[in-house]
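*Asks:* Numbering (UniProt numbering), first residue to last: 1 to 260.
#1: Residue 98 by DSSP, collapsed to three states: which one?
#2: Can you tell me whether DSSP reads residue 151 as helix, strand or coil?
#3: Could you tell me which uninterrupted alpha helix (DSSP H) segments, each at least 4 residues in length, are contained entirely in the stretch 152-197, listed from first to last along the chain?
#4: Which one of 127, 128 and 97 has the shortest CA to CA distance from residue 113?
#5: Determine whether the beta carbon atoms of residue 166 and residue 213 lie at a separation below 8 Å.
#6: Does the count of Cβ pairs from the stretch 141-148 and the stretch 195-202 closer than 8 Å reach three?
#7: Could you tell me which of 196, 232 and 231 sits nearest to residue 135, measuring between CA atoms?
#8: What distance in whole Å lies between the Cβ atoms of residue 174 and residue 192, which are believed to be in contact at a cut-off of 8 Å?
#9: Using a threshold of 8 Å, state whether the C-beta atoms of residue 81 and residue 89 are closer than that.
#10: Reducing DSSP to helix, strand and coil, say where residue 252 ends up.
#11: Span of the alpha helix (DSSP H) holding residue 234?
#12: If you follow the beta strand (DSSP E) that residue 299 is in, where does it begin and where does it stop?
#13: Taking all protein chains shown into account, decide if residue 186 is buried (16 or more other Cβ within 10 angstroms of its Cβ) or exposed.
#14: What residue range does the beta strand (DSSP E) around residue 127 cover?
#15: Run through DSSP, which three-state label would residue 261 get?
#16: Who are the near neighbours of residue 123 in its chain, counting only those whose CB is closer than 7 Å to its CB and skipping five residues on each side?
#17: Find out if the Cβ-Cβ distance for the pair residue 253, residue 78 is shorter than 8 Å.
#18: For residue 189, count the other beta carbons within 10 Å of its own beta carbon; 16 or more makes it buried, fewer makes it exposed. Which is it?
#19: Would you call residue 59 buried or exposed, if buried means 16 or more other Cβ atoms sit within 10 Å of its Cβ?
#20: Grab me the residues of residue 237's own chain with a C-beta within less than 8 Å of its C-beta, minus the 5 sequence neighbours each way, in chain order.
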């Protein structure tokens, strides 16, 4: 009996020691459990809503990045995000892609809280074209096809994406055409050529939402015109969220959201 009482007392003591750890673990555990119950809707229309969003990076808790951001993007609409460097434009896109969790507020896609949606499904509905495209030391064909790893892409879809990205004529005039090796980080190509291949890669998955993060900021005037024409073609029929400093990039936007 005495041994039983001693063992019971020790167990209670150990439970008390771990009580604070349990309280700390409750929140992330709850978040983990919520991730296990997510849905994959039959389709994505591309309606986006940010509602009262607050955020700061975990390693910089004192630096508030977003302070109550709210805006809507309707299906097929192009909305430009503008503001000074560091105001949270790129962070806004990363939050939509679920790379971070909000401190407060909600983000909706087609009226559903994105926390209730399957992350992989969500990201498959989007495509990002950033300032510096990541090309691999493989063929142009393989670099474009990399945009949709869910299946083996037929050549006609790769060509169609390249045509929409305003790069097909350049590719077909190369000695090896679509089998031309890009080189490490696209070293064999100019900035404008790399960017248009990146646009083709984004389009090959036929995304409902196109995210453009300073896609033309590193280009000269001539290259910018070619890339901007490709982006204008790519945005047709899609919801587009555009981050840019140049007026030429946002002049066709339906609305402009200023983040301060």
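A virtual CB, placed ideally from N, CA and C, is assigned to each residue, including glycine.
*Replies:* Checking against the coordinates, here is how it stands:
#1: coil
#2: coil
#3: 155-164 and 168-172
#4: 97
#5: no
#6: yes
#7: 196
#8: Rounded, the Cβ-Cβ distance is 15 Å, inconsistent with contact.
#9: yes
#10: coil
#11: 221-234
#12: Given a span of 1 to 260 for the chain in the structure shown, any question on residue 299 remains unanswerable.
#13: buried
#14: 126-130
#15: No statement about residue 261 is possible, as the shown extent of the chain runs from 1 to 260 and does not include it.
#16: 97
#17: yes
#18: buried
#19: exposed
#20: 76
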